[in-house]
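Working notes for the structure below.
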Amino acid sequence: LMMTTFVIFNARKIIKLNRQLRAEVIRADESNAAKSEFLSRMSHDIRTPLNAILGFASLAREEPDVPPQSADYLEKIDTSGRYLLGLINDVLDMSKIESGKVELHEESVNCQKFLNQIADVNRAEAADKGIRLITDFSGIQECWIIMDKLRTRQIYANLISNAIKFSKSGTEIHWTVNTESTGPGTVQVITVIDDQGCGMSEAFLKKIFQ
5 LMMTTFVIFN ARKIIKLNRQ LRAEVIRADE SNAAKSEFLS RMSHDIRTPL NAILGFASLA
65 REEPDVPPQS ADYLEKIDTS GRYLLGLIND VLDMSKIESG KVELHEESVN CQKFLNQIAD
125 VNRAEAADKG IRLITDFSGI QECWIIMDKL RTRQIYANLI SNAIKFSKSG TEIHWTVNTE
185 STGPGTVQVI TVIDDQGCGM SEAFLKKIFQ
């Protein structure tokens, strides 16, 4: 009799637990849907003023007798703005991101110009914190490389941003990029970002790529 009572009690407990789990799953799905909708609406709202910024920057660059330094600033605004616009467009395509079907958009990119644009933007951020960002791209043998420009920029921007975040004022960050031929029409791009920050523990290094 005691055993029968015990089994019934546990069965009821399992049913109750299953109901709770189903309710939690429904709440999680509703929460994810709300977040996706919010990001989509926000991205649309952000894109409007950003397009205006890019438009005015373009008009300003076409003005006669623009001082060289101002022209340089306007070019950096344009570069950063277009990068941000690319990120926003990625957020708008949440369905592909959530289903793991993100597509690569490959194009031929001037590697030297591409890297220098990233360095210019991040150099200003580093300088605000009292850090010197020193670059050496002289080892790039192939000037034009086919890549997904937006996602490659994201990778470099994240790495440099982390180096700045974990570095102290008065230190230096050295960023070097070299290319090595791996066959006809293909190259391997080797990037080293060396900072004087706190570094990573042996334990973290084991799971860094997870």
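Throughout, my numbering is defined as the position within the sequence shown, counted from one, plus 4. Note that beta-carbon positions come from the ideal geometry of N, C-alpha and C, so glycine has one too.
Is residue j closer than 9 angstroms to residue i when the C-beta atoms are compared?
| i | j | result |
| --- | --- | --- |
| Leu119 | Gly85 | no |
| Ile135 | Ile168 | yes |
| Ile177 | Ile197 | yes |
| Ser185 | Ile150 | no |
| Ile293 | Trp179 | Any answer about residue 293 is impossible in this case: the structure gives the chain only from 5 up to 214. |
| Glu146 | Thr195 | no |
| Asn126 | Leu89 | no |
Could you give the DSSP three-state label for residue i: helix, strand or coil?
| i | result |
| --- | --- |
| Asp199 | strand |
| Met204 | coil |
| Glu79 | helix |
| Asp33 | helix |
| Gly143 | strand |
| Asp152 | strand |
| Ile212 | coil |
| Leu137 | strand |
To the nearest angstrom, how far is it from the Cα of residue i to the Cα of residue j?
| i | j | result |
| --- | --- | --- |
| His4 | Arg155 | This structure cannot speak to residue 4, because the chain is shown only from 5 to 214. |
| Glu79 | Pro71 | 12 angstroms |
| Tyr87 | Leu21 | 47 angstroms |
| Lys210 | Gly203 | 14 angstroms |
| Thr139 | Pro68 | 33 angstroms |
| Val193 | Ile144 | 8 angstroms |
| Phe60 | Lys117 | 23 angstroms |
| Ile18 | Cys115 | 60 angstroms |
| Phe208 | Arg157 | 25 angstroms |
| Pro53 | Met46 | 12 angstroms |
Measure from the alpha carbon of residue i to the alpha carbon of each residue in the options, then state which is nearest.
| i | options | result |
| --- | --- | --- |
| Ile50 | Asp132, Ala123, Ile92 | Ile92 |
| Thr190 | Gln158, Ser165, Trp148 | Trp148 |
| Phe4 | Asp132, Asp152, Ala123 | Missing from the structure shown is residue 4; the chain here goes from 5 to 214 and no further. |
| Asp132 | Ile30, Gly174, Lys17 | Gly174 |
| Gln200 | Glu66, Gln214, Leu137 | Leu137 |
| Ala130 | Gln121, Leu89, Lys172, Asp152 | Lys172 |
Report whether the distance from the Cβ of residue i to the nearest heavy atom of the ligand SAM is below 8 angstroms.
| i | result |
| --- | --- |
| Pro71 | With respect to the ligand SAM, the structure shown offers nothing to examine, as it has no ligands at all. |
Which parts of the segment 163-189 are runs of the beta strand (DSSP E), unbroken and 3 residues or longer, counting only runs that do not cross its ends? Runs found: 176-187.
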